[in-house]
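Add 1 to the 1-based position in the sequence shown for my numbering, that's all there is to it. By construction, the Cβ of each residue, glycine as well, lies at the ideal position given by its N, Cα and C atoms. Here's the structure, in structure tokens; my notes come after.
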Amino acid sequence: MRAILQPVGRFTTFLQFDKLANMMTKCNNLREEIVELQMLRDNGITKLDDKHEYEIQQRKREKRKIDEKIGNTPPKRLSFNSLRTHESNVAPKTEKDIRDYTGFRNLTEMEKELCVSLQMAPQKYLGAKMCLIRNNLSRDLGISGGGSKSELSTLEKMRITEYLRSAGYIALAT
2 MRAILQPVGR FTTFLQFDKL ANMMTKCNNL REEIVELQML RDNGITKLDD
52 KHEYEIQQRK REKRKIDEKI GNTPPKRLSF NSLRTHESNV APKTEKDIRD
102 YTGFRNLTEM EKELCVSLQM APQKYLGAKM CLIRNNLSRD LGISGGGSKS
152 ELSTLEKMRI TEYLRSAGYI ALAT
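See below:
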């Protein structure tokens, strides 16, 4: 900052120049802090306590991006599989087991029974339901290529589609 202000410094005393340079540096620092706080507010951070956690997560994201560029880890692709959590891979055996899974409260009684009979986690079922309804809608509206891919076995897809038709989510095939 002092180098930028040097031409002005020729016309002032050393103390005035020193005071001006310090004030300009302080102003620039405050301006940068305001920009940073506005960015945090735009990202949903409203408390300074949350700022530390946000910065840690940001460093992790930056490190992951660097690792992906270098080739240390394969890039993550957003697909139906990446939306699943580790609990989706472990099949629940009974309704009691299903109660511990994410998404349990979003299911109707019939859907709970369907998940138990298919030994499918509620979160996986909800994702499959969304994909099947979207595929059916895009087919009915005549949109080509509008479908979503889901990794379901033929039996799972057939049973879920049958339930969705009986519940009125999708129209009967004509």
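Residues near residue i by beta carbon distance below 7 angstroms, same chain, minus five either side
| i | result |
| --- | --- |
| residue 99 | 93, 105, 113, 116, 117 and 123 |
| residue 173 | 166 |
| residue 142 | none |
Under the three-state DSSP convention, the category residue i falls into
| i | result |
| --- | --- |
| residue 45 | coil |
| residue 104 | coil |
| residue 126 | helix |
| residue 170 | coil |
| residue 120 | coil |
| residue 153 | coil |
| residue 140 | helix |
| residue 111 | helix |
| residue 159 | helix |
| residue 10 | helix |
| residue 2 | coil |
| residue 86 | Residue placement at residue 86 cannot be trusted, given a pLDDT of 44 that sits under 50; the coordinates are not used to answer. |
| residue 175 | With a pLDDT of 47 at residue 175, under the threshold of 50, the modelled position of this residue cannot be trusted; read the value that follows with caution. It is coil, neither helix nor strand. |
Short CB-CB distance (under 8 angstroms) between residue i and chain D
| i | result |
| --- | --- |
| residue 13 | The question asks about chain D, but that chain is absent: this structure has only one protein chain. |
Residues near residue i by beta carbon distance below 8 angstroms, same chain, minus five either side
| i | result |
| --- | --- |
| residue 29 | 2 |
| residue 55 | 41, 44 and 46 |
| residue 157 | 119, 121 and 129 |
| residue 107 | 123 and 127 |
| residue 160 | 115, 118 and 119 |
Distance, residue j Cα to residue i Cα
| i | j | result |
| --- | --- | --- |
| residue 53 | residue 9 | 40 angstroms |
| residue 35 | residue 103 | 39 angstroms |
| residue 64 | residue 72 | 12 angstroms |
| residue 49 | residue 27 | 21 angstroms |
| residue 162 | residue 120 | 16 angstroms |
| residue 60 | residue 66 | 10 angstroms |
| residue 136 | residue 39 | 41 angstroms |
| residue 20 | residue 51 | 35 angstroms |
| residue 138 | residue 132 | 10 angstroms |
| residue 32 | residue 4 | 20 angstroms |
6 angstroms Cβ shell around residue i - same chain, five flanking residues per side excluded
| i | result |
| --- | --- |
| residue 126 | 116 |
| residue 18 | 10 |
| residue 154 | none |
Assumed close pair residue i, residue j - CB separation to whole angstroms, cut-off 8 angstroms
| i | j | result |
| --- | --- | --- |
| residue 25 | residue 6 | 7 angstroms |
| residue 111 | residue 170 | Contact flag wrong, Cβ pair sits at about 12 angstroms. |
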